[in-house]
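Numbered per mature numbering (1 follows the signal peptide of the UniProt record, and there is no 0), the sequence shown spans residues -25 to -1, 1 to 395. Virtual Cβ for every residue (Gly too), placed ideally from N, Cα, C.
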Amino acid sequence: MYKKFVSTFAGLATGAALFVGSAAAQETVEVLHWWTAGGEAAALNVLKKQLEEEGVTWEDMPVAGGSGVQAMTVLRSRVTSGNAPTAVQMLGYDITEWADQGVVADLSDLASKENWDNVVPTALQKFSKNSEGQWIAAPVDVHSTNWMWANKKIFDEVGVEGDIKDWDQLIEVLDKIKEAGYTPVAYGGQPWQDATVFEAVVLATGGPDFYKKALNDFDEETLGSDTMKQVFDRMTKLHDYVDPNFSGRDWNLATAMVINGKAAVQFMGDWAKGEFLRADMKPGEDFVCQRFPGTEGSVLFNSDQFVMFKVGEDKRDAQLKLASAVMSPEFQIAFNKVKGSVPARTDVAPDEFDACAQKGMKQLAEANENNHLYGSLAHGYGAPSAVKNAVFDVVTAHFNGEYTSEEAVQALVDAVASAR
Ligand code: GAL
């Protein structure tokens, strides 16, 4: 009797396991992403939880490396070997390049049901759709790169008050900080980080039209101009303010230097804010957020979007659940508050966000209205990857002293010409 019970129970258990197994297999998303820093992982958790509430199991596929350089390498090898992930975090031109390969799933039905056309900023839609106008990505945030983050205590100690308006004022402040014995600039020497600082300096030095002509349109005359030489000279100047161990440092470790009061400022996109918040620091009280000096009025944007690969009909439902979760206004509020970014929807009220994010949302709307909203080159919204990487190489080589400013200008013109 007991034996019979055991075997029946075992049979039932196997049946149940099989049933649960197949249901779980249908409702699993494997997500390739590069959100491994503290603030990033915390934001990702908001998404994981939301999906789990909807019965979708999250299979994590993190590939560390800021701006997704390494993640994109892994993605290429996964797709080439016929083993694409269900969903992938992606930026700008990477999205449209994959769409051109015909390997990503069409989300248009969901998009029209949920009215994405009317709520997603137009600047993003260009990258969320394929050449036939089908929606192929769900944008989760809008980040921007021309920010400066500062340790308020150090600023108070050396007597810096209010916003730093321009380059000359910035240099005065950095000199004061250096004299006070701190590392003025927390710097991570990796190509994408060099490029993040470089694009802010391009905007600060040449102004908005110059930025657009140089790093969105790649106009040869602009790239080869005296103003561009001045940009490289300014990068050399910034080198005076970094510590000797900058080379190869991850961006979040540079942020930690500002958080811990070892360094005064970091020039980085607003994902850095996620780190300050995680350290329980308050904008305006413990840390300062302001635009990179001299770039107020313009916004260099990038947006993380989720792209679904064509991996079979059995994954379709989970993919749509993920896309729909990502686009829901409540989710966008919860996620972006933690991530440091702002929502990728125009219909979300700013009330629940901190002062820094509210400033960011207002500036984004104004820059959009005044045509001063530009794609960040360093984060995939300025050019396809070949051109982007060509610029990275020159900027990094120059920062590390391999080129004079004059040589860098010529190398930039040549590298862009051969990559296009
Ligand atoms: C950006 C991305 C952000 C953040 C950052 C550092 O490209 O948009 O979400 O993760 O890289 O990794």
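Query: Taking Gln76 as the reference, which of Pro96, Phe242, Arg51, Ala247 has the closest Cα?; Result: Arg51
Query: Which residue comes first and which comes last in the beta strand (DSSP E) that contains Asn126?; Result: 122 to 126
Query: How far does the alpha helix (DSSP H) with Trp142 in it extend, from its first residue to its last?; Result: 142 to 154
Query: Cutting at 8 Å between CB atoms, please list the residues of its own chain near Val362, excluding the five before and the five after it.; Result: Phe193, Val391, Ala394, Arg395
Query: Between Thr32 and Lys290, what straight-line distance do the alpha-carbon atoms span, to the nearest angstrom?; Result: 12 Å
Query: Please state if the CB of Ala179 and the CB of Gly272 are separated by a distance shorter than 8 Å.; Result: no
Query: Run the proximity test for Ser42: is its beta-carbon closer than 7 Å to any non-hydrogen atom belonging to the ligand GAL?; Result: yes
Query: Smallest Cα separation from Glu136: which of Val148, Asp143, Trp142?; Result: Val148
Query: So for Asn311, helix, strand or coil by DSSP?; Result: helix
Query: I'd like to check one pair, Ser87 with Gln109: are the Cβ atoms closer than 8 Å?; Result: no
Query: Looking at Asn277 and the ligand GAL, is the gap between the Cβ and the nearest heavy atom below 7 Å?; Result: yes
Query: Would you mind reading off the limits of the beta strand (DSSP E) that contains Gln64?; Result: 62 to 65
Query: What three-state label does DSSP hand Val54 in the structure shown?; Result: helix
Query: Glu107 and Ala300 - do their beta-carbons sit closer together than 8 Å?; Result: no
Query: Determine the burial state of Lys104: buried for a count of at least 16 other Cβ atoms within 10 Å of its Cβ, exposed for fewer.; Result: buried
Query: Are there any heavy atoms of the ligand GAL lying less than 7 Å away from the beta-carbon of residue 415, as far as the coordinates show?; Result: The displayed coordinates of the chain run from -25 to 395. Any statement about residue 415 would go beyond what the structure contains.
Query: Let me know if Lys312 comes out buried or exposed under the rule of 16 or more other beta-carbons within 10 Å of its beta-carbon.; Result: buried
Query: For Asp322, is the classification buried or exposed, using 16 other Cβ atoms within 10 angstroms of its Cβ as the cut-off for buried?; Result: exposed
Query: Quick one: using the 10 Å Cβ neighbour count with 16 as the cut-off for buried, is Lys314 buried or exposed?; Result: buried
Query: Does the Cβ of Gly164 lie closer than 7 Å to at least one heavy atom of the ligand GAL?; Result: no
Query: What are the boundary residues of the beta strand (DSSP E) that Gln76 is part of?; Result: That residue, Gln76, is in no beta strand (DSSP E); it is neither H nor E in DSSP.
Query: On the DSSP letters alone, give me the boundaries of the beta strand (DSSP E) that Thr3 sits inside.; Result: 3 to 8
Query: Under three-state DSSP, which class holds Arg395?; Result: coil
Query: Spatial neighbours of Gly134 within its chain, please: CB distance less than 6 Å, with the 5 preceding and 5 following residues excluded, ordered by chain position.; Result: none
Query: Since Ala46 and Leu7 should fall inside the 8 Å C-beta cutoff, what is the C-beta to C-beta distance between them, to a whole number of angstroms?; Result: 6 Å
Query: Can you give me the C-alpha to C-alpha distance between Ala(-2) and Ala293, rounded to a whole angstrom?; Result: Note that Ala(-2) has pLDDT 44, beneath the 50 cutoff, so the model's placement of it is unreliable and the number below is only indicative. Taking the straight line from one Cα to the other gives about 10 Å.
Query: Tell me whether Asn346 sits in a helix, a strand or coil according to DSSP, three-state version.; Result: coil
Query: Using the three-state DSSP reduction, which class does Trp33 fall into: helix, strand or coil?; Result: strand
Query: Following a CB-centred definition, is Glu15 positioned closer than 7 Å to any heavy atom of the ligand GAL?; Result: yes
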